[in-house]
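Below is one structure, written out as structure tokens, with a few remarks after it.
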Amino acid sequence: QLLERDPKSFPEVARILSLIRHEILKHNTAFLADVGRALEFDAADADQRAAVLAQRMFGDGSGIDDRRRRDTKDRRGRVAGGIYGRFLGYLEELEQVARAHRVTLNLYRKDPIFRPMIKAFEELATRSKELRHPERLRSSRKLELARVLGRSGHVLGRQAFERLSGVIRELCVVDVEPALVQEVYDQVAGEEQFVGQPLAPLQLGGTGGLVRIFRTDFEDILANVFRNSLRSSVLYARPPVGLGVALEVEIDEITGLSSLVLRVMDRSPEPLSNEMLRGRYVERGMGITVDLLSRYDGAISVESAPGWSKAVVLRFFTVEDEASPGVAA
């Protein structure tokens, strides 16, 4: 709901999800099932491993996370430290991002990714004292604890990691198709500075492809190029003013890597060169474009285009073997 209502939240959400995946899941929850099996089969070091896991997952019991230096409590009022406290802190950050975009999240009850994660953490939290001192448990109680660790390890291990990875991929991959290019062009052409100008329909061809970039950044890059070309054309080209876009995929003969190429073509005689772009042609907004492109190893250049005055060419490395995204596209 948050991502649908406000795409501008994509980078913030992706950052938090990446931190949860890396700090909470990748380096910590993978041990849950292993310790559970050790307890189930009464391994020699099972009790010691369980105590170490409890310290890692829930801290020393003070509830103060050294990285945050503040108390953290779960929704039942229990003081939460360690990985659990850090996880709750990230949930709070996610909710703050949503509120800033006027969206209320219900991660605890309705979210298909976080609801099972929260439930698994809470079930573990109820067993934290047992996990710290499994040697005090009866055999039946220890076996029950082992099964809880096994269930939690499944939910907080591979399942949560794969689900979060899928969402992050969707947030960071854009399907650049003609409809998206047309949408960005229409937004720019509808700006006040171009209202009333004799603009011809966009000449658009090609099929596009998948590139790894935040959709909002891609739209900003393309919009800046459109805006620059339209402004120059309105000032110097003969009416009706028109732009063309050609989408194609290039294969590097040496590396074999493929790139998506967008050629934005205009008929303005105003000079524009690669040197001007490298010199951060900031007064025309191209400095922002160069900065954004550099984050994604993209490239921009000025090339000749038959039938046009010139083409501003954008290149992005394509994403191989990815499913078409559902959120970002």
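Going by the numbering used here, the sequence shown opens with residue -15, and the numbers climb by one from there.
Built from N, CA and C at the ideal position, the CB exists for glycine as well.
Restricting attention to N90, K103, L89, E79, the CA atom closest to the CA of Y68 is found in K103.
Leaving aside the five residues that flank L9 on each side, the residues in its chain whose CB is nearer than 6 Å to its CB run, in chain order, A144, F145. Per the DSSP secondary-structure output, V297 pairs in a beta bridge with R247, S285.
Annotation: the segment -6 to 21 contains the following complete segments of the alpha helix (DSSP H) (minimum length 4 residues), in chain order: -6 to 3. In the structure shown, A27 adopts coil according to DSSP, grouped into three states.
DSSP places D159 in the uninterrupted beta strand (DSSP E) bounded by 157 to 160.
Taking the Cα positions, V297 is about 44 Å away from R70.
Counting C-beta pairs closer than 8 Å gives fewer than three between the segment 143 to 163 and the segment 27 to 35, which falls short of the contact rule.
Across the set V274, F202, L148, the C-alpha of L148 shows the shortest separation from the C-alpha of A(-2). Rounded to the nearest angstrom, the Cβ distance from G134 to G20 is 4 Å, consistent with a contact under 8 Å. A straight-line Cα-Cα distance of about 17 Å links L194 and F(-6). DSSP places Q166 in the helix class (H, G or I) of the three-state scheme. Shown here, G73 sits in a helix according to DSSP, grouped into three states.
Straight through space, the alpha carbons of V229 and E161 are spaced by roughly 11 Å. Under the DSSP definition of a beta bridge, I235 partners with S242. Checking the DSSP bridge columns, you'll see L129 has no partner listed.
Taking all protein chains shown into account, A184 has fewer than 16 neighbouring C-beta atoms within 10 Å of its C-beta and is therefore exposed. If you check the CB distance, G43 and A22 do not come in under 9 Å. Taking the C-beta atoms as reference points, M249 is found no nearer than 9 Å to Q166. Under DSSP, A84 forms no beta bridge with any residue.
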